[in-house]
Amino acid sequence: MPAPPTGVPGDASRPEPDPPWDELLAWAVRDVEPLVGHHNRNYLVRARPRDSEQVKLRVPIRDALKVVLRVWPSEADVLGALERRVPRIPRCLADRGDFTVHTYAPGEPLARLCAAGKPVDERYVSQILELFGTLAALDTAALPPLPEDWPKDGDSTGFLLRLLRFAEEEVHRPNRQEFGALFDGLGVRETALLAFGERLGGLVSRPFVLLHTDVHRHNLIVRPDGSLFVLDWELAMLGDPVHDLATHLCRMSYPRPGQWDEVVHRWQRAVGEVSPDLVEGMERDLDRYVDFERAQSVYPDIMRAARGLGPWAEPEALRRAARAVHGALVRAEGPLSLERIPVLPRIEDLLRDWHRSRSAPLSSPPAPSSVLASPVG
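Counting from 3, one number per residue, gives the positions in the sequence shown under the numbering used here.
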């Protein structure tokens, strides 16, 4: 493998110039296997040959499905506002516009140590709850400006309706042309999300705090000393703290009952110690936020499963996608009042039909040797 750029030589007594980030990225794209998520490609590199630690070059995926609300367009601005105020989070070293450079924390994703549905070790749960308490107590004055149409502090009903409007107008509607037949075949009616919104009713007013909105097992890195490092602040927003709890519960997949209920009670205690107003009425409203999370998630889950079939939609890929879609439908059944959930073979048929409607006819996949991906290194 070719060596990365070496940077600019100079007198060791002088302040060292910034590494040549653009050159490093060009080299990484060519020679480094990225870590790919839903929204970004991440390249781990050493900024200078003599550096012992790696940094992460974070490159947005331009053609990724737009299914998440980004209140603040720059994650770098959010991280800058949180530096030295929230522990164990990345620091943005450089914002190059079309990519950013973050500090990198060696360790293992919690998901690799503790799979979805399994109980999470107490030492990690306590750190997660500490994070929520820290965010609840944070002075939000240093955060980037909010959009002009953002709900006012304490307008919990307006906040949830804003999330609902985004899911309907920015996720469901724009993708109806591509995925509408698939949604309909799966039993997700065109008016399902609107009908859910009409049944919501009002929420109790709670003060707004900083929310991460995506704390789950893949975004929590267990460092060698056992501490948790929290990634992916690009979806942070200011809003009702109960929403952060709901997304966390759903995406962590805690065993329920049992640890799910335990985390709810401990979250209520941790955040309530900051201010009782933050947990006012949460027992009732938590169910509404959980229902919303499950209702809105059905759209990205279906679309990602369908898009992830690849060019050939081979049998194992279809089975895997059908299981993902079935799980999303089961979770959304109550919130969206789905009349029926297709069985797995029927979901496979619907996915296959969708795939064929978008693909040119092909006789067969290429020989295995020509489709193998490069090894991850």
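Virtual Cβ for every residue (Gly too), placed ideally from N, Cα, C.
9 Å Cβ cutoff met for residue i and residue j
i    : j    : result
E85  : R98  : no
L213 : L163 : no
G283 : F210 : no
V70  : R306 : no
V224 : G109 : yes
V332 : I349 : no
R219 : S255 : yes
R253 : V217 : yes
S361 : A315 : yes
W23  : A96  : yes
R60  : N44  : yes
S158 : D287 : yes
Alpha helix (DSSP H) segment containing residue i, residue limits
i    : result
H250 : 243-254
R32  : 23-33
V80  : 77-84
I304 : 284-309
V265 : 261-276
D351 : 346-360
A319 : 317-334
I343 : Taken as a continuous stretch (DSSP letters only), I343 belongs to no alpha helix (DSSP H), as it is neither H nor E.
V127 : 124-139
A96  : Taken as a continuous stretch (DSSP letters only), A96 belongs to no alpha helix (DSSP H), being part of the beta strand (DSSP E) at 94-97.
R43  : Run containing R43: none in the alpha helix (DSSP H); it sits in the beta strand (DSSP E), 42-47.
L196 : 194-200
L112 : 112-115
F210 : No alpha helix (DSSP H) holds F210; DSSP gives it neither H nor E.
Residue range of the unbroken beta strand (DSSP E) whose run includes residue i
i    : result
T102 : 102-105
R60  : 57-62
Which listed residue (the options) has its alpha carbon closest to that of residue i
i    : options                : result
D303 : F181, Y256, E275, A272 : F181
V345 : E25, A324, L311        : A324
A66  : E132, V173, P108       : V173
V206 : Y291, R178, R191       : Y291
V103 : V332, S128, A30        : A30
D227 : R48, D79, L59, Y126    : Y126
A248 : A197, A297, V276       : A297
N177 : E192, P317, H220       : E192
G336 : E318, S361, E295, D351 : E295
T105 : L251, D246, V47        : V47
A194 : A49, R32, W23, L338    : L338
P347 : A143, A183, P317       : P317
L145 : P111, R87, V300, T159  : R87
V244 : V266, N221, A49        : V266
A268 : L166, S128, R167       : Before going on, a small fix: residue 268 reads as Arg here, not Ala. For the residues L166, S128, R167, the minimum Cα distance to R268 belongs to S128.
G119 : D287, D289, G274, W262 : W262
D351 : L340, A334, V327, E341 : V327
P89  : D123, A117, L140       : L140
V273 : A334, D289, R208       : R208
D246 : F161, R175, E341       : F161
P147 : E341, G39, E77         : E77
D123 : E264, E341, R322       : E264
V2   : T142, F168, R32, R322  : Any property of residue 2 remains undetermined from this structure, which presents the chain solely from 3 to 379.
D289 : R322, R321, V57, A334  : A334
K58  : A107, Q179, A83, R32   : A107
Nearest-angstrom beta carbon gap, residue j and residue i [assumed within contact, 8 Å]
i    : j    : result
N42  : P21  : Incorrect: roughly 20 Å between the Cβ atoms, too far for contact.
F101 : L37  : So it is not a contact: roughly 14 Å between Cβ atoms.
L251 : A138 : The pair is not a contact, with the Cβ atoms about 16 Å apart (cut-off 8 Å).
P257 : P121 : 6 Å
V300 : A319 : About 20 Å; that fails the 8 Å criterion.
L112 : L196 : Going by Cβ atoms, the distance from L112 to L196 rounds to 36 Å, so no, they are not a contact pair.
L165 : G199 : About 10 Å separates the two Cβ atoms, so there is no contact after all.
Minimum Cβ-Cβ distance from residue i to chain C less than 9 Å
i    : result
G187 : Looking at the structure shown, chain C is missing, and only one protein chain is on hand.
Check: residue i C-beta below 8 Å from any heavy atom of the ligand ATP
i    : result
E171 : As presented, the structure is devoid of all ligands, the ligand ATP included, so that no description of it is given.
For this session: Mind the definition here: the region 351-361 touches the region 180-188 only if three or more C-beta pairs lie below 8 Å; say whether that holds.
Result: Touching, yes.
For this session: Please determine if the region 72-89 and the region 48-55 are in contact, where contact requires at least 3 C-beta pairs separated by less than 8 Å.
Result: Result no; under three Cβ-Cβ pairs closer than 8 Å.
Exercise. Do three or more CB pairs link the region 230-240 to the region 308-322 at distances below 8 Å?
Worked result: no
For this session: Could you tell me whether the region 217-232 touches the region 130-140, using the rule of 3 or more Cβ pairs below 8 Å?
Result: Remark: three or more beta-carbon pairs, one from each stretch, lie closer than 8 Å, so the region 217-232 and the region 130-140 are flagged as touching.
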